[in-house]
Amino acid sequence: MYVYDEYDQSIVDARVEEFRDQVNRRLSGAMTEDQFKPLRLMNGLYLQLHAYMLRVAVPYGTLDSRQMRMLGHIARKYDRGYGHFTTRQNIQYNWIKLADAPDILAELATVQMHAIQTSGNCIRNISSDQFAGAAADEVADPRPWAELIRQWSTFHPEFTYLPRKFKIAVIAADEDRAAMRLHDIGIQLLERDGVLGAKIFVGGGMGRTPMIAHEVKDFITADHLMSYLEACLRVYNRYGRRDNIYKARIKILLHEIGVDAYRDQVEAEFAAIRELGIDPPLAELERITAMFAGPAFATDAPDTVDRSDPDFAVWLDQNVAAHKQPGHAVVTISLKPIGGIPGDASADQIDLMADLAERYGHDELRVTHAQNIVLPHVRKADLHSIWTALRDAGLAEANLDLISDIIACPGLDYCSLANARSIPLAQKIGERFAGRQRELGELKLKISGCINACGHHHAGHIGILGVDKKGTENYQLLLGGSGAEDVSLGKITGPGFDEDGVVDAIERVTDRYVELREGGERFLDTYRRVGMQPFKEAIYG
Amino acid sequence: MVDPITVNTNAGETLLRFRDDVVHDEPAVTLDAFLGQTNATAVRLEAGDDARELLDHLGQIALVEISFPTFRDGRGYSAARILREAGFEGELRAAGDVLVDQIPHMRRCGFDSFAPEKPIDGPTLTKLLALYPQPYQKAADARVPVWKLRHG
Ligand code: HEM
Ligand code: SF4
């Protein structure tokens, strides 16, 4: 894992001091709310329906147990005993007092954490593959590159007032576990002639106009990555639309001028700046990479697991993935208990996960974009003990990638922009399908409470979008989206439903799928084979 | 120069300057006017103007003023860097909705003069400018990025 040196620490400490001063100026009235807003947003502080929400960065979703315990401590001391893990691998607290925010940042800084650029129209926290460093299919660990980008983008003086927020994801495997192509910039590391480099995709995003990122650069090596990204951002900063907030993302710029024109402009900019000394020396990437070398795995760890406990075996099959090291495994802890709030964890649960990481998991945890927690490096021999501890804490739901493993935005319960509630609907769906979800197999269901798409509904195998229909909550149903390597955007089935109606409609869709599926087809495969029509008929008769 | 010099211009503006030469007092002309009448020595760029159009004429320009219609409009940061990267050494002035918390970033992008609409609190600015011991990235100023401190 990356460990701060004195420079990193001094920057984060200075940030705490700066924000404390800004809060004081706001509280004293020296600054208006309008002037304060972009400054607090750049520290992850939003004003929601009931209180301030603070979003804390978990760079590329990686944490150690000390940091995880700090998240629990903050939930206990400054919130109502809960934290909410987000689709961008961060954590949010929903009940924060403005006057406490500087103290929270100061506490975070003691464990090398911060809330820098977790909101605002700047380059946001860099996201990555939650299995990085553990996956058998990666060409390299993507996180050193993500850390390099984190440093470059932190307080970037030119890109702090972009037209709109800017999200970057870095992966290094063909299987995309980070929805890379739904980011403003998606980066895939690959090896060519023995050299590691990056393929750059630009212009993905969700929101009201979802788009899949286009390939803009076939291959760029690490020695020019920063100047190339700087060129990408500069073209956007200069030409991205600022007249309409809904057209301000980079995806709209690419859509309007075309990917070829964008690429040409980036190349011209890149040619002008590539030799200006913007790129750190390769020694910097090497310094960072050394910190991600990973733990020394036991080479004699037994590779078999005792499956005699049937409940354990179900969890094992659903939530445990292969590790690159024999005798080891990757555990995904579901934060989607049936009837719970997707992504929420109590302070005690957070502490327990930290304990498990420390005791069994080489002290590492990950946050996933599907709002779950991963223990990336555990010994197979310890799986039963881990499962037992999780079960006792209500964390052993065996539903990874099943229909109840729902991504849901905060919706009308917290969010001032919402048309409809997301959380109660997620709870109802979980309860309705709990009994047959394993029979339905992989089925990613995602809910947004409005068109802003925080809940990734466009990328759900089944997506649900909350709309306002003459003052009442209404839900549209979408089928066929995917945020993975087979990326696609879902299509609306037809007229919307009320809350119970949409749950019934999903039931009809899944019943039809079970009738139609061939062999081991997932829902998404069947949908792609037969198209929308059979499902429409099932829903609307 | 760490602290700015406050200068009141003949036009009644209050400038904060991080340079000690004499204030250029020829009024700035628009980009269109400049490109049409190429003996002007001061130009004002609106947020949407392309700074690159000045690059062939930098030798004759003493002052470029870049407009910030609202502090949220960040185009001027890129315009400033483009001019500095091309070797412009004259006065680069940020004018308009320029607020104290944005000035440290503007300094890094190459601005060395400020014409804020509303007065800037001097002590706050001094504190903010000294706050961060070193930056992570190279920009248009002389500050040394962390990676260079790490690796020499
Ligand atoms: C409750 C307060 C929230 C508000 C007011 C809010 C607001 C917004 C808005 C306005 C957008 C659309 C931006 C655009 O496309 O230009 C958006 C997108 C998004 N938000 Fe939120 N959001 C909130 C909470 C959340 C939470 C809790 C999460 C994570 C679980 C989240 C994740 C996202 C994601 C992933 C997107 C889509 C990004 C994309 O377009 O590529 N948001 N949000
Ligand atoms: S999708 Fe809409 S309702 Fe849900 S959190 Fe985002 S802005 Fe709020």
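Chains A and B supply the protein sequences, listed in that same order.
At position 269 of the first sequence (counting the first as 1) the number is 269 in UniProt numbering, and the numbers step up by one without a gap.
At position 66 of the second sequence (counting the first as 1) the number is 66 in UniProt numbering, and the numbers step up by one without a gap.
For glycine and all other residues, C-beta sits at the position ideal for the given N, C-alpha and C.
Keep in mind that this is a model prediction, so the values were computed, not measured.
Margin query: Taking CB distances under 8 Å as the criterion, tell me whether A:N24 reaches chain B.
Written below: With 8 Å as the cut-off, A:N24 does not count as an interface residue toward chain B.
Next item on the list: Answer with buried or exposed for B:D112, where buried requires no fewer than 16 other C-beta atoms within 10 angstroms of its C-beta.
Entry: By the C-beta density criterion, B:D112 is buried, having at least 16 other C-beta atoms within 10 angstroms.
Note to self: Please return the same chain residues whose Cβ sits closer than 8 Å to the Cβ of A:K380, not counting the five positions on each side in sequence.
What the structure shows: Counting only Cβ-Cβ distances below 8 Å, and skipping sequence neighbours, we find A301, P302, D303, T304, V305, G327, H328 and A329.
Notebook entry, point to check: Is A:E439 buried or exposed, if buried means 16 or more other CB atoms sit within 10 Å of its CB?
Noted result: Around the beta carbon of A:E439, fewer than 16 other beta carbons sit within 10 angstroms, so the residue counts as exposed.
Next item on the list: State the DSSP-derived secondary structure class of B:M106, mapped to helix, strand or coil.
Entry: Helix at B:M106.
Margin query: What would DSSP say about B:N8, mapped onto helix, strand or coil?
Written below: Note: B:N8 maps to strand in three-state DSSP.
Notebook entry, point to check: What residues match up with B:R93 in a beta bridge as DSSP calls it?
Noted result: B:R93 pairs with B:E65 and B:S113.
Notebook entry, point to check: Can you give the beta carbon distance from A:V514 to A:I539, rounded, assuming they're within the 8 Å contact cut?
Noted result: About 15 Å separates the beta carbon of A:V514 from that of A:I539, a gap too long to meet the 8 Å contact definition.
Check: With a CB to CB cut of under 6 Å and the five nearest residues on each side skipped, what residues in its chain are close to A:E158?
Finding: Contacts found: none.
Item checked: Interface residues of the region 78-108 of chain B facing chain A [CB-CB below 7 Å] -> Legend: CB atoms of the region 78-108 of chain B lying less than 7 Å from CB atoms of chain A belong to residues S78, R81, E85, L99, D101, H105 and R108.
Note to self: Any beta carbon of chain B sitting closer than 8 Å to that of A:A51?
What the structure shows: Between A:A51 and chain B, the shortest Cβ-Cβ separation is not below 8 Å.
Check: Which chain B residues sit within Cβ distance under 9 Å of A:S127?
Finding: None at all; the shortest Cβ gap to chain B is about 19 Å.
Next item on the list: Count the other CB atoms, across all protein chains shown, that sit within 10 Å of the CB of A:R192; report buried if there are 16 or more and exposed otherwise.
Entry: The residue in question, A:R192, is exposed, as its Cβ has fewer than 16 Cβ neighbours within 10 Å.
Next item on the list: Return helix, strand or coil for A:M53, following the three-state DSSP convention.
Entry: Three-state result, A:M53: strand.
Notebook entry, point to check: For the putative contact between A:A401 and A:E364, defined by C-beta atoms under 8 Å, what is the C-beta separation to the nearest angstrom?
Noted result: The displayed chain sequence assigns Asp, not Ala, to residue 401 of chain A. Rounded to whole angstroms, the Cβ separation of A:D401 and A:E364 is 22 Å, and the two are not in contact under 8 Å.
Notebook entry, point to check: Which value, in whole angstroms, describes the spacing of the CA atoms of A:M1 and A:A293?
Noted result: CA-CA distance, A:M1 to A:A293, rounds to 8 Å.
Next item on the list: Using the Cα positions of A:G343 and A:H183, report the straight-line distance between them to the nearest angstrom.
Entry: Taking the Cα positions, A:G343 is about 21 Å away from A:H183.
Next item on the list: Assign A:I96 to one of three DSSP states: helix, strand, or coil.
Entry: Strand at A:I96.
Next item on the list: Compute the minimum distance between the beta carbon of A:G411 and the heavy atoms of ligand 2, and state whether it is under 7 Å.
Entry: Taking 7 Å as the cut-off, the C-beta of A:G411 counts as close to a heavy atom of ligand 2.
Check: On the premise that A:H458 lies in contact with A:I447, defined as a C-beta separation below 8 Å, what is that separation, rounded to the nearest angstrom?
Finding: Not quite, the Cβ-Cβ distance comes to about 12 Å (not below 8 Å), so this is no contact.
Checklist line | C-beta neighbour in chain B for A:E275, strict 8 Å | finding: Chain B contact via Cβ: absent.
Margin query: Just checking: is the beta-carbon of B:L149 within a distance shorter than 8 Å of some beta-carbon in chain A?
Written below: Taking CB atoms only, B:L149 has a neighbour in chain A less than 8 Å away.
Item checked: Interfacial residues, the region 32-43 of chain A to chain B, with Cβ spacing under 7 Å -> Those residues of the region 32-43 of chain A that come within reach of chain B (Cβ to Cβ, closer than 7 Å) are Q35, P38 and L39.
Item checked: Which listed residue (B:D21, B:A62 and B:A11) has its alpha carbon closest to that of B:F34 -> B:F34 has its Cα closest to that of B:A62, out of B:D21, B:A62 and B:A11.
Next item on the list: Classify B:T30 as helix, strand or coil using the three-state DSSP reduction.
Entry: DSSP places B:T30 in strand when its eight states are reduced to three.
Checklist line | Uninterrupted alpha helix (DSSP H) stretches inside the UniProt domain "Nitrite/sulphite reductase 4Fe-4S" (119-270) of chain A (no shorter than 4 residues) | finding: Fully enclosed alpha helix (DSSP H) runs of 4 or longer: 143-153, 225-239 and 250-257.
Check: What is the residue span of the beta strand (DSSP E) that A:S346 lies within?
Finding: Under the DSSP assignment, A:S346 falls in the beta strand (DSSP E) whose first and last residues are D344 to S346.
Next item on the list: Figure out for me which residue from A:Y52, A:Q112, A:C415 and A:Q130 has the closest Cα to the Cα of A:L98.
Entry: Ranking the options by Cα distance to A:L98, first place goes to A:Y52.
Next item on the list: Would you mind stating whether A:R242 and A:P163 have Cβ atoms separated by less than 8 Å?
Entry: Against a cut-off of 8 Å, the Cβ pair of A:P163 and A:R242 comes out as a contact.
Checklist line | Spatial neighbours of A:D468 in its chain, beta-carbon cut-off 6 Å, leaving aside the 5 residues before and after | finding: N419.
Item checked: Where B:G122 meets chain A, residues with beta-carbon distance less than 9 Å -> None at all; the shortest Cβ gap to chain A is about 13 Å.
Check: Which whole-angstrom value is the C-beta distance of A:E269 and A:A231, which I expect to be below 8 Å?
Finding: Under the criterion of beta carbons closer than 8 Å, A:E269 and A:A231 qualify as touching, at roughly 4 Å.
Next item on the list: For B:L131, go through chain A and note every residue whose CB falls closer than 8 Å to its CB, in chain order.
Entry: Residues of chain A whose Cβ lies closer than 8 Å to the Cβ of B:L131 are, in chain order, A14, E17 and E18.
Check: For A:D79, does the count of other Cβ atoms within 10 angstroms reach 16, so buried, or fall short, so exposed?
Finding: A:D79 comes out buried.
Notebook entry, point to check: Using a Cβ-Cβ distance under 8 Å, would A:Y7 count as near chain B?
Noted result: It does; some Cβ of chain B falls within 8 Å.
Check: With a Cβ-Cβ cutoff of 8 Å, do B:R17 and B:P4 count as a contact?
Finding: Contact flag set, yes.
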